[in-house]
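Each residue of the sequence shown is one higher than the one before, starting from 205 at the first, in this note's numbering. Cβ atoms here follow ideal geometry from the backbone N, Cα and C, with glycine treated the same way.
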Amino acid sequence: MKKQRVVRGIPVEEGSGNVYTDLGYPDSESMLVKAQLAAKIAEILQRRALTQARAAEVLGLTQPKVSALLKGQFRGISEHRLLECLTRLGRDVHIVIKPVPRSRSTGRLTLSVA
């Protein structure tokens, strides 16, 4: 159930923490994870001051794909490919699969960045 409150006479609805869920996307968990992966890739590229052309070489993508990724347009890039980009940037990726708590019947996809 969404929480609502009034701020200065304006009704405000609290978000879920996932903008894609709030916008009604059916694959919202996957989209949020991809957005988080893309943000981490962009952070590393910026820290290294790589041009898009050099980033494309390192990541094994085309420069236009890198440009789109940095603009948040990652629908055409799989989660697996984004994970591979992180390994190419010198990051270890650790995937953990565990049982759900008894309070839920289905699992969920989350990302933790160390």
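Proximity of residue i and residue j at Cβ, strictly below 9 Å
i	j	result
L293	I248	yes
S220	D226	yes
Q256	S271	yes
K244	V300	no
R209	E218	yes
P260	Q250	In the sequence on display, residue 260 carries Ala and not Pro. Taking 9 Å as the Cβ cut-off, A260 and Q250 do not qualify as a contacting pair.
R281	L274	The sequence shown places Ile at residue 281, not Arg. Cβ distance not < 9 Å, so I281 and L274 don't count as in contact.
Whole-number beta carbon distance between residue j and residue i, since they are thought to touch under 8 Å
i	j	result
C289	L263	5 Å
A242	F278	5 Å
CA nearest to the CA of residue i, picked from the options
i	options	result
Y224	G213, L236, E217 and P215	L236
K238	V216, A253, H284 and L265	H284
L315	H298, V304, K269 and R258	H298
Q240	R295, G276 and K302	G276
Interface flag, residue i vs chain B, CB-CB below 9 Å
i	result
V262	No chain B is present in this structure, which holds just one protein chain.
Subject >> Ranges of the alpha helix (DSSP H) found wholly within the region 258-317, counting only runs of at least 4 >> reply: Counting whole runs of 4 or more residues, the region 258-317 contains the alpha helix (DSSP H) stretches 267-274 and 283-292.
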